[in-house]
Amino acid sequence: MTFEEFENIIDQTLEKIPQQVKDILKEKQVAVVAREKAPDEMLQRNPGMVIFGAFIGMHYGRFFLANLQSEPTRVELYKDSFEMMFKKEEEINSQIERTVVHEIAHYLGFSEKQIRDLGY
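Numbering (the working numbering), first residue to last: 3 to 122.
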């Protein structure tokens, strides 16, 4: 898939999430960003893992002036990870949807266990 096609799938997925969540992301300026691949330092910290996406930044409702960060809060998705693990378009689309929901849930403050318990 091209990078543009990957971005389009992400955009289509974002259209499906509840309006209240979309409003929070917009109000707090949380971007969902497509990347070609996971950063090398992330891969080095997680050897042997396939990383589909990551939440980077400050969790919703937990902003304190003492915690100012230099990078914007965002969700990143890594195209090459999806392509490495899945060959069929519908499998890729399904995993992108799961990953978007999973990483947005991290932003909203859900733990890894809570997200997994919800099926993501």
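The C-beta atom is built at its ideal place from N, Cα and C for all residues, glycine as well. Note that the structure is predicted; figures quoted are calculated from it, not measured.
With 16 as the cutoff for other CB atoms within 10 Å, does residue 90 come out buried or exposed? As a working mapping, residue 90 is identified with position 88 in the sequence shown. Exposed: under 16 other Cβ atoms inside 10 Å.
When DSSP labels each residue in this structure, what does residue 79 get in the three-state scheme? Within the sequence shown, numbered from 1, the residue matching residue 79 stands at position 77. Looking at residue 79 - three-state DSSP - the assignment turns out to be strand.
From the DSSP output, in three-state form, read off residue 53 for me. Residue mapping note: residue 53 aligns to position 51 of the sequence shown, counting from 1. Three-state DSSP puts residue 53 in coil, outside helix and strand.
Measuring straight from C-alpha to C-alpha, what distance separates residue 33 and residue 15? Here residue 33 corresponds to residue number 31 of the sequence shown, with the count starting at 1. Here residue 15 corresponds to residue number 13 of the sequence shown, with the count starting at 1. Rounded to whole angstroms, residue 33 to residue 15 spans 13 Å at the Cα level.
Check whether the stretch 98 to 113 and the stretch 77 to 84 touch, using three or more Cβ-Cβ pairs below 8 Å as the test. Yes, since at least three Cβ pairs between the stretch 98 to 113 and the stretch 77 to 84 fall closer than 8 Å, the two stretches touch.
Considering only the alpha carbon of each residue, which of 110, 30, 95, 61 lies closest to residue 3? Start at 1 with the first residue of the sequence shown, and residue 3 comes out as number 1. It is 95.
When burial is assigned at 16 or more other CB atoms within 10 Å of the CB, is residue 8 buried or exposed? Along the sequence shown, one-based indexing puts residue 8 at 6. Its Cβ being crowded by 16 or more others within 10 Å, residue 8 is buried.
When DSSP labels each residue in this structure, what does residue 19 get in the three-state scheme? The residue labelled residue 19 in the question sits at position 17 within the sequence shown. The three-state secondary structure of residue 19, taken from DSSP, is coil.
Distance, Cα to Cα, residue 30 vs residue 56? Taking the sequence shown and counting its residues from 1, the one referred to as residue 30 is at position 28. Taking the sequence shown and counting its residues from 1, the one referred to as residue 56 is at position 54. The alpha-carbon atoms of residue 30 and residue 56 are separated by roughly 17 Å.
Report the residue from 17, 39, 58 whose alpha carbon sits nearest the alpha carbon of residue 110. Numbered from its first residue, the sequence shown carries residue 110 at position 108. Closest by alpha carbon: 58.
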